[in-house]
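Next comes the structure, spelled out in C-alpha cells:
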C-alpha cells in the first residue's frame, strides 16, 4: 500500500515538473534584465548598495561624466567599489547567450567605453588600501650599516650602563669616549666585546670602514 502511494506521488511530481518548466521559461523575458542606463540587456551587471544593477560599462560612463559615487537611478551613494554581480551575470548569459555575445562585440569596438572602463577600474584599484612594507630599507636613512649600527649602539648603551654600574671596565677607553668619535678600529673592538653573536658583522664593518658616525 505504501509503495503504491510513493509511486503515485512520484508520478504526480514528475507531471507537475514537466508542465511547470516550460511555463517558467515562457515567463522570463529580456525586459526583466534591462539596464536602466542604456535600456538594453545587462552586460557584466554591477549591483550597487541600493540594489539597482547596471551594465558595468554604463556605470563607468556615468561615473566618468558625473564624478559622483551614486546610483544613476535613485542617487543613493555607494560605498567601496562596485563589483560585478556574478550570480546575475551567469544567469543572464545562460538565458540570453546570443544577445550577450552580440552586445559584448559592440562594446569592445567602442573606444570611449574602453577608456571609461579603464579609468573606472583604475579608480577602484586606487581605493584598495596598501599595507606599507616595513621590511624595506629607507634609502635616505643611511642603508644597511646605518640601521645595524643603530641597533648595536642601543645594545652598547645597555652594556655600558652595566659596565659603569659594576665598574669592571672603568679604565676602558671606549666607555669614556663618545660613540660619534669612535674610529673604525674602535668599532671593531667594541663588536668583539659584545660577544660571539656579533662576530659575523666584523668582516662587513671592516670592509665598509664603519665608524661611530
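In the UniProt record's numbering, the protein residues as written are 1 to 213. We put the CB at the ideal spot given by N, CA and C, even for glycine.
As computed with DSSP, residue 45 is found in a beta bridge with 55.
In this model, residue 81 and residue 188 are separated by some 56 Å (Cα to Cα). Rounded to the nearest whole angstrom, the CA to CA distance from residue 55 to residue 63 is 12 Å. A Cβ-Cβ separation of about 24 Å leaves residue 97 out of contact with residue 61 under the 8 Å criterion. Between the region 83-101 and the region 39-55, the count of Cβ pairs shorter than 8 Å is three or higher; the stretches touch. Here DSSP, grouped into helix, strand and coil, assigns residue 68 to coil.
One Cα belongs to residue 103, the other to residue 51, and the distance between them is close to 23 Å. Of the residues assessed, residue 58 falls on the buried side of the cut-off, its CB having 16 or more other CB atoms within 10 angstroms.
As far as DSSP is concerned, residue 30 takes part in no beta bridge. By the Cβ neighbour-count rule, residue 46 is buried, with 16 or more other Cβ atoms within 10 Å of its own.
The C-alpha of residue 29 is placed about 33 Å away from the C-alpha of residue 67. In the DSSP assignment, residue 89 falls within the alpha helix (DSSP H) that extends over 86-95. Looking at the DSSP output, residue 122 shares a beta bridge with no other residue. With fewer than 16 neighbouring CB atoms inside 10 Å of its own CB, residue 74 falls in the exposed class. Partner residues in the beta bridge of residue 77, as assigned by DSSP, are 70.
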